[in-house]
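Only one structure is covered here, and it is reproduced in the block below.
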DNA sequence: ATAGACTCTGAAACCGATTTCATACATTTG
DNA sequence: CAAATGTATGAAATCGGTTTCAGAGTCTAT
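Chains as they are written, first to last, in the working numbering: chain A, 6 to 355; chain B, 6 to 355.
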């Protein structure tokens, strides 16, 4: 186990050329079956392992995909990463991960590192601050596939993986309206990001379609953190009249908001019905249990890698699709049920 | 941006040898300062980027560290990974991540991939199933540093990063006893893993030191998942007499157990006081809020990488320490307060 | 003045796999 | 039977940095 075995050692051992060894190990058709078997056996017996660097250097390919996420310590992104790792691993690809911590500066630096690491493809979920895609230009120029998921941006030759945020928000808001809410507040994140912009639209269209007025004053934007939920609750408590429904763009924030409202003596859902987004564990823990949108994180990760690998291997010819929509569900729990209807599950996207 | 620039291109441009270019870019002392500056300027201007594969191939070093975790979608491991990524990134190291999904079979496969990827060092938190360290032998043999964190195992030349699980569990259990509990159940995970074995010991010693009997029947082992918490609660409800305190080895499981007990009509903390472990978000959401051990995940990740990098760079000579203990705190909340003491924070480890 | 030390630069070998081009031999076809 | 086709293998160039060894030029000390 001391010295590394190379194809030259195997070649010497079997009295063949390195060329043939290389071809045999790559299952090249121009090598005799019996020879292949001999070589394969010898390689295993000698404890040979391919040197990826020599191989990559020559092939100009790395078998590595890069991933840039806003935060690693988020339930949603953890689920996505778990899905990504699973598929990448199965397909024999390495995964390099880095986080932007929601800043454009780190996102740019990460993109550069990924580029220098010569990843074969890149998966990205954008930071709050990102305004444009200049830092990915080099990838586009070199034809390295880039796929955006969840927090996406439009680009001529990039595929995006999302859920139908507009429709999900529309259903959530409509559900509140059906429960009798007429004055609904929406708490959401940075509207530069499609996920929040689309949810706002869904909220707005639902109001309009049900002949309820839409007003900017009922939209609170923030960081969507635990802290932000608390602040939003305080803002809500200062409203006059008080709203009777709240639709929040993520569960962490929704739960913290709900808790703060409760502490202030608001009865949920009687005084105010609340809906979150993501179906995190906390949505099932908080009391009352939180109505929310089930967001298929793991599946989103798996799909993203699969599509990326197809693009890397050039086998995505027939599939021009620029945006892939995953299904999401409205999960109705106590926090939104003003009427005593039985809990049910509604499917809202394609 | 089409063709890649190499040091040969720069050499030709400046009428120097590739040798000098290489040395200059690596800040080798034997190159004149002015020459270095010229080269550095030209490199920047020409858009040069080093080819890591050529470099790695020659240097037999990869600037990459590997990470094997049980699950990527766990709040604790997410925090650790965030810490690891932060430091690794700052120090210019790439990170390759894979998950064992708690199986020995995947852990072995992951270790092999990491080895073939020639990582410079490896960080590992063991799976439930792992019995021995045979799959890391090749790393030991080649002198590639391996560091275990959280779920660790003893090995002559491996450093471990942990918290003092025994002491934390001892304090948690003692706190329950101080609150008047005399019949305490302990819910924990696979006792092959140090974290669970040590917590069991801490629980046991606390009982003994307070002259309370220890009995196997009060120890429930399981998968520590949401589901496992529910099952444990059912098992507890079938006990006669019912216990008056429960110490659970993680928050997810504790919360689910607490919820199930509440639904069955048990009053928390009056009938049963409950303590968890980890200080996950859910511990602050559940009602009553869960007393728990604060577990410094992010810090653990940061320390683990720092120590690993010291070992990689051979600068850890003076530091023989084989185990590094991080501080943890008992965070007292409502779920354990039978008496109406004010909430306080106790520090329990060094 | 000259050996010895010091500073800076370059030629060429090297890391280990892949790939192009050539070739030797066997087999098939007209 | 000669030409064409197919099969199996190898020599050598290549990917792009790094490193060893040698050497040229400059400076210090005896």
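Don't be surprised by glycine CBs; every beta carbon is placed ideally from N, CA and C.
The continuous alpha helix (DSSP H) containing residue 303/A extends over residues 302-317.
Per DSSP, residue 15/B is not a residue of any beta strand (DSSP E); the alpha helix (DSSP H) it occupies stretches across 12-19. If you compare the alpha carbons of 343/B, 319/B and 306/B with that of residue 93/B, the shortest gap goes to 306/B.
Our two residues, residue 176/A and residue 341/B, have alpha carbons roughly 40 angstroms apart in a direct line. Using a CB distance cut-off of 9 angstroms, residue 120/A counts as an interface residue toward chain B. Under the Cβ criterion (8 angstroms, minimum of three pairs), the stretch 114-123 of chain A does not count as touching the stretch 186-195 of chain A. Within chain A, no residue has its CB atom less than 9 angstroms from the CB of residue 311/B, the nearest being about 18 angstroms off. CA-CA distance, residue 26/B to residue 68/B, rounds to 21 angstroms.
When C-alpha distances from residue 161/B are compared across 40/B, 327/B, 85/B and 111/B, the shortest belongs to 327/B.
Counting C-beta pairs with one atom in each stretch, the stretch 28-45 of chain A and the stretch 77-89 of chain A have fewer than three that are closer than 8 angstroms, which means they do not touch.
Counting the other Cβ atoms within 10 Å of the Cβ of residue 13/B gives fewer than 16, which makes it exposed.
Distance from residue 287/B to residue 256/B at the Cβ level is roughly 6 angstroms; contact confirmed, criterion being Cβ atoms closer than 8 angstroms. Following the DSSP letters along the chain, one finds residue 297/A in no alpha helix (DSSP H) but inside the beta strand (DSSP E) bounded by residues 297-299.
Burial check for residue 334/A: the Cβ neighbour count within 10 Å reaches 16 or more, so the residue is buried.
Within the model, the alpha-carbon separation for residue 129/B versus residue 314/B is close to 14 angstroms.
Between the alpha carbons of residue 98/B and residue 107/B lies a gap of roughly 26 angstroms. From the beta-carbon of residue 101/B, the residues of chain A found nearer than 9 angstroms are 69, 99, 100, 101 and 102.
Taken through DSSP and simplified to helix, strand or coil, residue 278/B comes out as strand. Burial is judged here by how many other beta carbons sit within 10 angstroms of a residue's own beta carbon; residue 220/A has fewer than 16 and is exposed.
Closest in alpha carbon position to residue 308/B, among 153/B, 173/B and 215/B, is 153/B.
Between residue 281/B and residue 259/B, the C-beta gap is smaller than 9 angstroms, which places the two residues in contact. The three-state secondary structure of residue 328/B, taken from DSSP, is strand.
With 16 or more other CB atoms across the displayed protein chains lying within 10 angstroms of its CB, residue 112/B is buried.
Excluding five sequence positions before and after residue 317/B, the CB atoms of its chain that fall closer than 7 angstroms to its own CB belong to 125, 126 and 150, given in chain order. Proximity of chain A to residue 8/B at the Cβ level (cut-off 7 angstroms) is not reached, the minimal Cβ distance being about 10 angstroms. Any Cβ of chain A closer than 9 angstroms to the Cβ of residue 297/B would place that residue at the interface, and such an atom is absent. Cβ contact annotation for residue 344/A (same chain, cutoff 8 angstroms, sequence separation greater than five): 184 and 185, in chain order. For residue 267/B, the closest of 182/B, 32/B, 292/B and 231/B by C-alpha to C-alpha distance is 292/B. In the DSSP annotation of this structure, the continuous segment of the beta strand (DSSP E) that includes residue 165/A starts and ends at 164-168.
Between the stretch 48-65 of chain A and the stretch 49-60 of chain B, the count of C-beta pairs closer than 8 angstroms reaches three or more; the two stretches touch. Identification of chain A residues near residue 237/B by a Cβ-Cβ cut-off of 9 angstroms yields none; the smallest Cβ-Cβ distance measures about 16 angstroms.
Across the stretch 42-63 of chain B, CB contacts with chain A closer than 8 angstroms involve 54, 55, 56, 57, 58, 59, 61 and 62, in sequence order along the chain. Counting the other Cβ atoms within 10 Å of the Cβ of residue 24/B gives fewer than 16, which makes it exposed.
Note on the stretch 14-60 of chain A: whole alpha helix (DSSP H) runs with a minimum of 4 residues are 23-30 and 38-51, in chain order. A Cβ-Cβ separation of about 6 angstroms places residue 283/B in contact with residue 81/B under the 8 angstroms criterion. Residue 242/B: member of the alpha helix (DSSP H) spanning 231-242, first to last residue.
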